[in-house]
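Following: one structure in structure tokens, then a few remarks.
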Amino acid sequence: MRKTMLMAAMLAGLCLGAPQADAASLVARIDVGSQTMTVSRQGQVLYRWKVSTARNGYVTPRGTYRPQRLHRMWYSRKYEMSPMPWSVFYHGGYAIHGTNAVRRLGTPASHGCVRLHTANAAKFYALVKEVGPANTRIVVTN
1 MRKTMLMAAM LAGLCLGAPQ ADAASLVARI DVGSQTMTVS RQGQVLYRWK VSTARNGYVT
61 PRGTYRPQRL HRMWYSRKYE MSPMPWSVFY HGGYAIHGTN AVRRLGTPAS HGCVRLHTAN
121 AAKFYALVKE VGPANTRIVV TN
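In UniProt numbering, the protein residues as written are 1 to 142.
As structure tokens, then:
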């Protein structure tokens, strides 16, 4: 009887522990349909920002990713050395980064990257640096 209770308690702890472990990470959810990015840490929503993702003729890849590299300032060699401040690259050449084209935020306007207001990109970059890329998830959905 005692073994059964102990096993049940252990299983309950494992079941309760799994969501907490996932909630301990930083999660950025980009909803392409609503052109928003929601940033959560330890299961608590910290920010909800307008973004711009791919305009017609381009694509923002859907899926779940981890940051691959971070750059305080990057210049796109593919697109005429366009500045990409506070870049968090998550899938090849695709990144979450700041933009000065803030009037376009909330509408599809990019070549595929996720554009944020530069101040918000700096906040996200700092959070990723703080928790580490291994503890960060970037989820891009429809």
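C-beta atoms are modelled at their ideal positions from N, C-alpha and C, and glycine is treated no differently. For clarity, every value in this text was computed on a predicted model and none was experimentally measured.
- Three or more beta-carbon pairs separated by less than 8 Å are not found between the stretch 54 to 63 and the stretch 125 to 133, which leaves the two stretches without contact.
- Short of 6 Å from the beta carbon of Leu70, and not among the five residues preceding or following it, lie these beta carbons of its own chain, in chain order: Val88.
- For Tyr58, the secondary structure class from DSSP, reduced to helix, strand or coil, is coil.
- Taking the Cα of Gly92 as reference, the smallest distance to any Cα among Met84, Ser25, Gln68, Ile30 is reached at Gln68.
- In terms of CA proximity to Ala119, Arg72 leads the group Arg72, His111, Val139, Asn142.
- For Ala28, the secondary structure class from DSSP, reduced to helix, strand or coil, is strand.
- Counting every other CB atom within 10 Å of its CB across the protein chains shown gives Arg62 a total below 16, marking it as exposed.
- Following the DSSP letters along the chain, one finds Leu46 inside the beta strand (DSSP E) bounded by residues 44 to 50.
- The beta carbon of Tyr65 sits closer than 6 Å to those of Tyr90, His91, Ile138, all from its chain and outside the five residues before and after it, given in chain order.
- Counting every other CB atom within 10 Å of its CB across the protein chains shown gives Arg103 a total below 16, marking it as exposed.
- Between the C-alpha atoms of Leu127 and Pro83 there is a straight-line separation of about 21 Å.
- Exposure of Thr107 is indicated by the presence of fewer than 16 other C-beta atoms within 10 angstroms of its C-beta.
- Comparing alpha-carbon positions, the option among Cys113, Gln42, Met37, Gln44 lying closest to Lys50 turns out to be Met37.
- The beta carbons of Ile96 and Ala122 sit no closer together than 8 Å.
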